[in-house]
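Position 75 of the sequence shown, counted from 1, bears residue number 76 in the numbering used here, the numbering being contiguous throughout. For glycine and all other residues, C-beta sits at the position ideal for the given N, C-alpha and C.
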Amino acid sequence: MKTTVVLFLILLFSITSQAQDLELDVYVIPTSVIGDPILFNVNVKNKGEEVVQGVEVQIELKSGLEFSSVSPKDSDYNPDTGIWKIGEVVPNKGKILGVIAKYAKKDDAILIAEISASGSKDPDSTPGNGVDTNGNGILINDKGDEDDGDAAQNGPYN
Ligand SMILES: [Ca+2]
Ligand SMILES: [Ca+2]
Ligand SMILES: [Ca+2]
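Pasting the structure below:
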């Protein structure tokens with residue numbers, strides 16, 4: 002009896018303790034002027050207790066944006082594939098990629114980002130399964146979607 006309880010508690014602990022938990026958020030510093038640069042910050046956090054290796058993020062710029070550069074400049078980001086190779090993400094220490102894009106047109110000035118690869122299992126999200134995981138058509142700040150994807154939009158302004 003006692004052994005069963007102990008085993009159950011061990012099992013429960015291993016389920017509830019989140020050794021690694023990646024979370025991604027996208028923020029925008031907007032502009033209302035067509036042709037001006039917009040800064041998007043893609044912010045990856047590890048809310049767990051252990052280091053995660055081999056982390057990659059897929060970044061997509063919709064048709065209202067024209068990519069210009071990233072910050073820091075030496076980030077491992079490939080504008081052709083949209084893959085940002087982060088590598089290691091340490092608990093309580095976020096990694097941020099600044100994506101600078103031109104505000105090319107009023108609509109669809111949207112940046113979408115999701116964790117696309119990770120060396121560890123995440124208790125509440127799966128890499129590469131899309132941002133709109135609850136299928137309600139909302140990608141931006143949707144708390145009902147998995148925590149490893151997000152999007153941000155500039156405008157639209159009149
Ligand atoms: Ca997660
Ligand atoms: Ca996901
Ligand atoms: Ca959604």
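When you compare each of Ile30, Asn159, Glu115 to Glu147 by their alpha carbons, which one comes out closest?
By 1-based counting over the sequence shown, the position of residue 147 is 146. For Glu147, the nearest C-alpha among the options comes from Glu115.
To the nearest angstrom, how far is the alpha carbon of Trp85 from that of Thr5?
Numbered from 1 along the sequence shown, position 84 holds the residue referred to as residue 85. Numbered from 1 along the sequence shown, position 4 holds the residue referred to as residue 5. Computed Cα separation, rounded: 46 angstroms.
By DSSP's criteria, Ile166 is part of a beta bridge. Which residues make up the other side?
In the structure as shown, the chain begins at 2 and stops at 159. Residue 166 is therefore absent and cannot be evaluated.
In this structure, what does DSSP give as the bridge partners for Pro128?
Here the question's residue 128 lines up with position 127 in the sequence shown. Looking at the DSSP assignment, Pro128 forms no beta bridge with any residue, so it has no partner.
Starting from the N-terminal end, write out each residue whose C-beta falls within a distance shorter than 5 angstroms of any non-hydrogen atom of ligand 3.
Output, sorted by chain position: Asp133, Asn135, Asn137, Ile139, Asp143, Asp146.
Mind checking Ile39: buried by the 16 CB within 10 Å criterion, or exposed?
Against the sequence shown, residue 39 aligns to sequence position 38. Ile39 is buried by the Cβ-count criterion.
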